[in-house]
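At the far end of the sequence shown sits residue 779, using this note's numbering, and the numbering has no gaps. Every residue gets a Cβ at the ideal spot worked out from N, C-alpha and C, and that includes glycine.
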Amino acid sequence: MKISKLKLKHQIWLIFFFSIIIFTVMEFYYYYSFSNLTQKRAAHYSNQMIEQTRRKIDSAFSDIRVSTSIAVNSRRVQEFSVVDDDYQRAFNSGPNALDLMEYMRSFNSYVDGIVINDIRGRRLYSLASASGDIFFLNRYDTFIQKYKEDPSLRDKGMFTSILKDDRTGTEQFFYIAPIVEAIGGIYFSQITGYCTVLVNMDKMQGLVENTELTPNSTLYILNSRDEVIASTNSNARGALFREVLSMDKGILLNGVKTTIDGEDILVQVKGLEQADGWRVVSMIPVQELTADMNPIRKVSIIVGIGMILSMLIMGSFFMNNLMRPVMGLVLDMKRVGSRDMGFRIKVRSTNEVGMLADDINRVINEREQMARDMINTQARLYESELSQKQAEFAALQSQINPHFLYNTLNCISSIGLEYGSREIA
Numbered sequence: 355m356k357i358s359k360l361k362l363k364h365q366i367w368l369i370f371f372f373s374i375i376i377f378t379v380m381e382f383y384y385y386y387s388f389s390n391l392t393q394k395r396a397a398h399y400s401n402q403m404i405e406q407t408r409r410k411i412d413s414a415f416s417d418i419r420v421s422t423s424i425a426v427n428s429r430r431v432q433e434f435s436v437v438d439d440d441y442q443r444a445f446n447s448g449p450n451a452l453d454l455m456e457y458m459r460s461f462n463s464y465v466d467g468i469v470i471n472d473i474r475g476r477r478l479y480s481l482a483s484a485s486g487d488i489f490f491l492n493r494y495d496t497f498i499q500k501y502k503e504d505p506s507l508r509d510k511g512m513f514t515s516i517l518k519d520d521r522t523g524t525e526q527f528f529y530i531a532p533i534v535e536a537i538g539g540i541y542f543s544q545i546t547g548y549c550t551v552l553v554n555m556d557k558m559q560g561l562v563e564n565t566e567l568t569p570n571s572t573l574y575i576l577n578s579r580d581e582v583i584a585s586t587n588s589n590a591r592g593a594l595f596r597e598v599l600s601m602d603k604g605i606l607l608n609g610v611k612t613t614i615d616g617e618d619i620l621v622q623v624k625g626l627e628q629a630d631g632w633r634v635v636s637m638i639p640v641q642e643l644t645a646d647m648n649p650i651r652k653v654s655i656i657v658g659i660g661m662i663l664s665m666l667i668m669g670s671f672f673m674n675n676l677m678r679p680v681m682g683l684v685l686d687m688k689r690v691g692s693r694d695m696g697f698r699i700k701v702r703s704t705n706e707v708g709m710l711a712d713d714i715n716r717v718i719n720e721r722e723q724m725a726r727d728m729i730n731t732q733a734r735l736y737e738s739e740l741s742q743k744q745a746e747f748a749a750l751q752s753q754i755n756p757h758f759l760y761n762t763l764n765c766i767s768s769i770g771l772e773y774g775s776r777e778i779a
């Protein structure tokens, strides 16, 4: 159906409804764009916070690597790993290596204990707390042996997975590096021992807990086996964490939305540079990313609804003030069209519609006046024609009367002659 065939009232209402629809679409687009923008900014902010945490962890791991590298390459430690003389080991190389280990442990707060052992199984300990008792467990020897047998260990030290102490319920992980003889002895360029560093789990936990994210967000440090090393969720430590991390790494680096327990969660992953396969993972509820912007969004919704209601009220008011005079004019014109003589259009307003009504009334007045003039003129013309006919008839009658008298007298004379009456003839 063509719009031009609609009534004017319907066309105007259609324009108002289209305007309201366009405004509503724009309002929804603004709301969506604003929400999306705030989420992106919040996600970018959280990404920066996670990046700072990653750098701190990498810095701590780098310190451990550097300190361990200095220790395993020092002459004191290398002499301890190759010397055969028990006296020299006990009173010379041993104390010297222990002093270096003590200095290394005191200098680096992330180191909770250090153990140096040679290939013959002799060990030297520097422990900071009772957590170092884990070195004396039988499980420790089995646990650390698989790393010693790893061929890639010679080129680069590595961080281990978690070892749990069943007696205390604590969990620990280590950094292990080989001692490669470099002092020119008979074992030159061979692995003569290992240096194992017990990493301070409380310090690692502190790095995570000091990261300020949203109230219900969770931050994890995962090792290469996806075990939780540290987390803001105390119940998550030591658990396997593979379900979410099975996604594409490129997507996880930029942040991806997923649903966990019916709640939309933004997951972000940052890989550690100093520990192969280790990652920092954050899980932030999407709703909390823009929680501080909720008042603004509510205000925008209220303003949008208010504007739509205002447009409806203004539309109704406009329609009432515009269409009421127009519809009245249409009805009056229909009555005028039915030749209701003497009826005049009511002037309901002083605007253009009122002016139009005045003009129509003026035209009606002029038309009726013209009709009256025509009737009067026709009446006068008829009277004039009638008078003329009467005059012509009178003139004709005056001509007929003498001729009729002559004919009558002539007839009488003829009758008298017929009867021989000379007096009549």
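- One Cα belongs to Ile729, the other to Phe370, and the distance between them is close to 51 Å.
- Relative to the Cα of Tyr494, the nearest Cα in the group His364, Ser515, Pro505, Ile418 belongs to Ser515.
- Cys765 is classed as exposed because its beta carbon has fewer than 16 other beta carbons within 10 Å across all chains shown.
- Ranked by Cα distance from Glu642, the first of Asp580, Thr378, Thr572 is Thr572.
- When secondary structure is reduced to three states using DSSP, Val437 falls in the coil class, being assigned neither helix nor strand.
- Listed in chain order, the alpha helix (DSSP H) elements of length 4 or more contained wholly in the region 619 to 696 are 640 to 643, 648 to 691.
- Taking one beta carbon from each stretch, the region 378 to 388 and the region 674 to 683 have fewer than 3 pairs nearer than 8 Å; the two do not touch.
- According to the DSSP assignment, Arg493 belongs to the alpha helix (DSSP H) that extends over 492 to 502.
- Between the alpha carbons of Ile424 and Pro532 lies a distance of about 12 Å.
- Considering only Glu722, Arg698, Tyr464, Arg721, the residue with the shortest C-alpha distance to Asp712 is Arg698.
- Taking a contact as a CB-CB distance under 8 Å, the pair Ala414 and Tyr457 does not count as one, their CB atoms being some 18 Å apart.
- Our two residues, Asp615 and Val582, have alpha carbons roughly 20 Å apart in a direct line.
- By the C-beta criterion, the region 388 to 397 is judged not to be in contact with the region 405 to 419, since fewer than 3 inter-stretch pairs fall below 8 Å.
- A distance below 7 Å between beta-carbons, with the five flanking residues on each side excluded, links Asn554 to the following residues of its chain, in chain order: Ser463, Tyr464, Val465, Asp466.
- Taking each of Asp630, Ile662, Gly560 in turn and checking the Cα distance to Met380, the smallest one comes out for Ile662.
- Shown here for Met403: same chain residues with a beta carbon closer than 7 Å to its own, the five before and five after excluded, namely Thr565, Glu566, Leu567 in chain order.
- When DSSP states are grouped into helix, strand and coil, Tyr386 belongs to the helix group.
- In this chain, the beta strand (DSSP E) harbouring Tyr574 covers 572 to 576.
- Beta-bridge partners assigned by DSSP to Gly467: Leu481, Leu552.
- In this structure, Gly511 is the residue among Gly511, Ile537, Gly708 with its C-alpha nearest to the C-alpha of Val420.
- Between Asn471 and Gly547 a beta carbon distance of about 6 Å is seen, short of the 8 Å cut, so the two are scored as contacting.
- Assigned with DSSP and collapsed to three states, Gly547 falls in strand.
- Thr550 counts as buried, since at least 16 other C-beta atoms from the protein chains shown sit within 10 angstroms of its C-beta.
- Assignment of Phe542 by DSSP, reduced to helix, strand and coil, places it in the coil class.
- When rounded, the separation of the alpha-carbon atoms in Ser480 and Arg651 is 58 Å.
- Distance between Thr378 and Gly658, taken at the CA atoms: about 8 Å.
- DSSP places Ile516 in the coil class of the three-state scheme, outside both helix and strand.
- For Tyr457, the enclosing alpha helix (DSSP H) starts and ends at 448 to 461.
- A direct Cα-to-Cα measurement between Lys502 and Val426 gives close to 15 Å.
- For a cut-off of 8 Å, the C-beta gap from Val634 to Thr407 is around 6 Å, short enough to register as a contact.
- Annotation: the continuous beta strand (DSSP E) that includes Ser585 extends over 582 to 585.
- Gly538 and Arg443 have their C-alpha atoms spaced approximately 18 Å apart.
- Collapsing the DSSP output to three states places Tyr529 in a strand.
- When only Cα atoms are considered, Thr586 and Met637 end up about 11 Å apart.
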